[in-house]
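Here is the structure we will look at, set down as structure tokens.
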Amino acid sequence: MKDMPILGLPLILLGALWGAVSIVLQSYQMINAKRDQIMVLIECKKAFAGKLTNAGGDFVAVPAKVLDQCHACCYGKELQPMDLYLSNLLPLSLGLCLFLAIVSFAVVCIPGYLNSGDADFMRRVRRISWITASLPLFSLFAFAVGTLFDGYTFLFKLGDWVLLK
-14 MKDMPILGLP LILLGALWGA VSIVLQSYQM INAKRDQIMV LIECKKAFAG
36 KLTNAGGDFV AVPAKVLDQC HACCYGKELQ PMDLYLSNLL PLSLGLCLFL
86 AIVSFAVVCI PGYLNSGDAD FMRRVRRISW ITASLPLFSL FAFAVGTLFD
136 GYTFLFKLGD WVLLK
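Have a look at this one:
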């Protein structure tokens, strides 16, 4: 009975990891949907301005059907691409990074709550905790880089189309 908390450690680590993965996948889906929504607004703004380009950078005529779709979904909307980025995509990405940091910290701190006299066992438990925390830590790094890349793209690469009202 004395070793029961120590035996439950793998279940606690697995539960923490499972919960984190589930939330991360749902958040990733939401982030991609918001990014797609922003890109549609940017393309519609380009279409309205008559400055839609192809992959080679050449200006192309916008089909009337595309303009009608853009007019129906985007024209006159109060939320512009930059508003969507600052009010939806950026807070969602930063919140996900914060969540992953908290999960990683919790997984790394779990061995501190175990009472075992065996130093070798505690060293192995700490190593397992760090290995388990590596998944949320790498996800944290990836989402942080993705957030910075989105900000750079929307502000500097698409800035003239994003910032125009």
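Position one of the sequence shown corresponds to residue -14 (our numbering), numbered consecutively onward. Glycine is no exception: its CB is placed at the ideal position from the N, C-alpha and C atoms. For clarity, every value in this text was computed on a predicted model and none was experimentally measured.
In this model, P96 and S7 are separated by some 24 angstroms (Cα to Cα). Annotated three-state conformation of S101 is coil, per DSSP.
For F90, the enclosing alpha helix (DSSP H) has its first and last residue at 75 to 94.
Here L(-2) has V92, I95, I113, S114, T117 as same chain residues with Cβ atoms under 8 angstroms from its own Cβ, once five neighbours each way along the sequence are excluded.
A direct Cα-to-Cα measurement between K19 and Y70 gives close to 8 angstroms. About 12 angstroms separates the Cβ atoms of L83 and P121, ruling out a contact at the 8 angstroms cut-off.
Here the C-alpha atom of M15 lies approximately 11 angstroms from the C-alpha atom of L81. In this structure, the beta-carbon distance from S72 to T132 does not fall below 8 angstroms. A residue is called buried when at least 16 other Cβ atoms come within 10 angstroms of its Cβ; F139 meets this threshold and is buried. Between V88 and L99, the C-beta gap is not smaller than 8 angstroms, which leaves the two residues out of contact. Straight-line spacing of the CA atoms in Y13 and C29 works out to 24 angstroms. About 6 angstroms separates the CB atoms of S124 and V9; that is less than 8 angstroms, so the two are in contact. In terms of Cβ geometry, I23 and L75 do not form a close pair [threshold 8 angstroms].
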